[in-house]
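What follows is a set of notes on a single structure, which appears directly below.
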């Protein structure tokens, strides 16, 4: 073959000039990294460059033969896309017999993609062409690395990796293979996986060797290789991860679905596919982890967006075994090598979602294992088969391995040797979730415990040296109680039972480390003695709780550990409840956003529980507990600020002050009554607690309510409502009418206004009802008087004549010209004529002035229609200001009831 024509672009020409300067016999080809390119080449151009390079006489025959195969492929399938110069160069280089070459695509079309009539969609044809070229490039990679020494192949690999990367961004490739179970099934043939594995495994080995040798002259080569390797590797891993995604997993064929299982199968093909998928994943994680250790990795090599897509898009679908490898091979190096200036970008965006996910998984797994005998997270163990005993043992093993990896990760991020100050930084930005002891498997496993001790020790030190309340809460509520359970082998608790189930006696060395973790200063006899006494007292207290019999009133199976957990959480819960209560009283605006809600928290509350960001778990609880409410301001104060009373009679009212006050009173009463009716008391709710704590919350609340002022207030309010219903019957209306202008004395009330069934009703509540009922009775009598006067008017002909004359005078003065803006409503004549009407019609009656105006307009009607609304009005305006109502409306507020000051929250 002739090499002088290898001039298909600057890169190819430079490559061939480098080749021609080398000695022929020993193939000492040593290509330096490609110079900075002047323009970004297209995919086909890159494929041409790689093909021309491989057919060079400077390479062994095996490499040349593969280069010739690539030339034939280009001429067969890509001829129309080649420039005339490229085409002639390829023909000149290709001296093979092409007489039998056809231009058909039958050989590259995947059998699954053919329709019943044999047709294949156009984009899938192009996708299959890309797949064939992907395999050819991977095969070329394998041939080059097998036949050439390392100093020879370094430059060549760049020419192969560039088109490999380009394939992953082609729209036909993505639409054909990456977005569906069908496409992934076509892509992940054993041949494809074998070729990809060889590329990935070679890069892993080469990278491992380079990082071990740390030769300065290889730094540029290493960076250049990784810049080309990492993009397509991340997309490849994303495809493998997606096989476990719900909508894809359910549509995979049995062979590929079975290959995802951990368990071996008799089917040789499935086992081969299973091994390839696992090995590619493992090597891919290794390459990423090793890359993180290279100088400049976080600024030059890795793209956080691609990293995030590859790892986190399907994080929730990963099984425990996958998460364990991911943490060990990727996240431990990430924590170890990430410079502090990149913490915000990498640690907050990557560690937070990982730790949140791990914490949730471990909590549910360990909780169900300790209290129900089996970790009830079956999906994360994968599809298992065999005897139940073997499956459970395998599940326990996987859970332990995953827990150990998480414990190791936390130990690394808290280690001064790895990243001094990282733990404090993560705590400050709420990246550690609830930090429950389930992260470490509740000290059940010695290996996980040993790894976690450095993290716990760092938390203890931060709790003592900083004002970080989060650390103090972790130490007091999580760390110390769990260590005491671990150390007390006489305590009947779930942790000790699980240790016994695993047949693992606790290691004395680990126990000693845990004691040292709690024990304070070593070598100080006084401190050690005090600690020993304290630990003995804690064990005694826990044993007392454990052996205490369940309360008789408790409904269900009593678990002393659940009750203890509930009691420890209760102060936090009440503080959150008070925050919600305070927001309902004073907060303005929309609190739906977590950041807005964060800003509305009381500063003391935020400081106490170290709530520094919207990611804090307590903030999510507060958001869930928060209630929206419409405040009385919305109606009453707006009316007072901009009064616009729409009434038929407004235009005829000379003095509107009386009318305005009445309307405001009615509106206020109606509004308050409506809010009171819809109001849900802000009291402790069992629904706010975790499912296993709800029975204890319900029992606690019911017990405390029976003993509290709240119970009496609720009883009085219920009885008060019955008394109002009694008054609505009208049986006392005559008595009330006779006392409208007087105060109701206690003695008079007891003798005349209170039947025996209401004898225990608070007298203040009785007086409030009688006073309100008196207003209704007075309105009733006013309406009746008004109606009688109008009926008398209709029966008195001479009076009717006088009134008609008076109405004519009012009309002549423009009183009824309501459409005119020029009417002078301050006209003295209006007042005189209205007063004259009142004296004629309502003589001897002290009705409010508004009735006179209504009488002028309304000359007919009956008392039945006029008073029909009063019973409903009595019900709709039922609202009272009284201490008992305040207690039920706002049980968490301080209040004084009959001279006894009580903190209402204390009743809980």
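Residue numbers (full-length UniProt numbering): 1 to 908. Positions of the beta carbon are idealized from the N, C-alpha and C atoms, including for glycine.
DSSP places residue 172 within a helical segment (H, G or I) once states are collapsed to three. Nearest to residue 353 by C-alpha distance, out of 433, 568 and 154, is 433. Per DSSP, residue 381 lies in no alpha helix (DSSP H) and is assigned neither H nor E. For residue 333, the enclosing alpha helix (DSSP H) has its first and last residue at 332–337. Proximity of the stretch 352–369 to the stretch 297–317 meets the contact definition, three or more beta-carbon pairs being nearer than 8 Å. Taking 8 Å as the upper bound for CB-CB distance, residue 156 and residue 53 are in contact here, some 6 Å apart. With distances taken between CA atoms, residue 250 lies nearest to 180 out of 474, 180, 120 and 615. Between the stretch 480–493 and the stretch 436–455 there are three or more inter-stretch CB-CB distances shorter than 8 Å, so the stretches are counted as touching. As for any alpha helix (DSSP H) of minimum length 4 sitting wholly inside the stretch 42–70, the runs are 43–54, ordered along the chain. Scanning 57, 146 and 551 for the CA closest to the CA of residue 699 turns up 551. Rounded to whole angstroms, the separation of the alpha carbons of residue 186 and residue 294 is 36 Å. For the pair residue 451 and residue 408, the CB atoms are nearer than the 9 Å cut-off. Looking at 62, 223, 364 and 74, the one whose alpha-carbon comes closest to that of residue 145 is 62. One Cα belongs to residue 245, the other to residue 541, and the distance between them is close to 48 Å. Residue 407 sits in a helix when the DSSP states are folded into three classes. Within 10 angstroms of the beta-carbon of residue 347 lie 16 or more other beta-carbons, which makes it buried. Straight through space, the alpha carbons of residue 224 and residue 158 are spaced by roughly 8 Å. In the structure shown, residue 552 adopts coil according to DSSP, grouped into three states.
The Cβ atoms of residue 233 and residue 287 lie closer than 9 Å to each other. In this structure, the CA atom of residue 438 is about 20 Å from the CA atom of residue 570. In this structure residue 722 is exposed. Its beta-carbon is surrounded by fewer than 16 other beta-carbon atoms within 10 angstroms. Contact between the stretch 184–203 and the stretch 272–292 is present: three or more C-beta pairs spanning the two stretches fall below 8 Å.
Closest by C-alpha distance to residue 149, out of 606, 59, 724 and 515, is 59.
Separation of the CB atoms of residue 594 and residue 619 is rounded to 6 Å, and the pair is thereby assigned contact status at 8 Å.
Inside the stretch 434–473, DSSP marks no whole beta strand (DSSP E) run of 3 or more residues. For residue 120, the three-state secondary structure derived from DSSP is coil.
For residue 318, no alpha helix (DSSP H) encloses it, and the DSSP letter there is neither H nor E. Restricting attention to 378, 517, 421 and 470, the CA atom closest to the CA of residue 454 is found in 517.
Ranked by how close their Cα comes to the Cα of residue 238, the residues 83, 168, 191 and 792 have 168 in first place. Between residue 398 and residue 279, the gap from beta carbon to beta carbon reaches 9 Å or more.
Looking only at 325, 713 and 788, the smallest Cα-Cα distance to residue 883 is reached by 713. Residue 448 and residue 404 do touch by the CB rule: their CB atoms are close to 5 Å apart, below 8 Å.
Spatial neighbours of residue 607 in its own chain (CB-CB distance under 7 Å, excluding positions within 5 residues in sequence) are listed in chain order as 469. In summary, residue 489 is exposed, with fewer than 16 beta-carbon neighbours lying within 10 Å of its beta-carbon over all protein chains present.
In terms of Cβ geometry, residue 273 and residue 252 do not form a close pair [threshold 9 Å].
If you draw a straight line from the Cα of residue 435 to the Cα of residue 529, it comes to about 30 Å.
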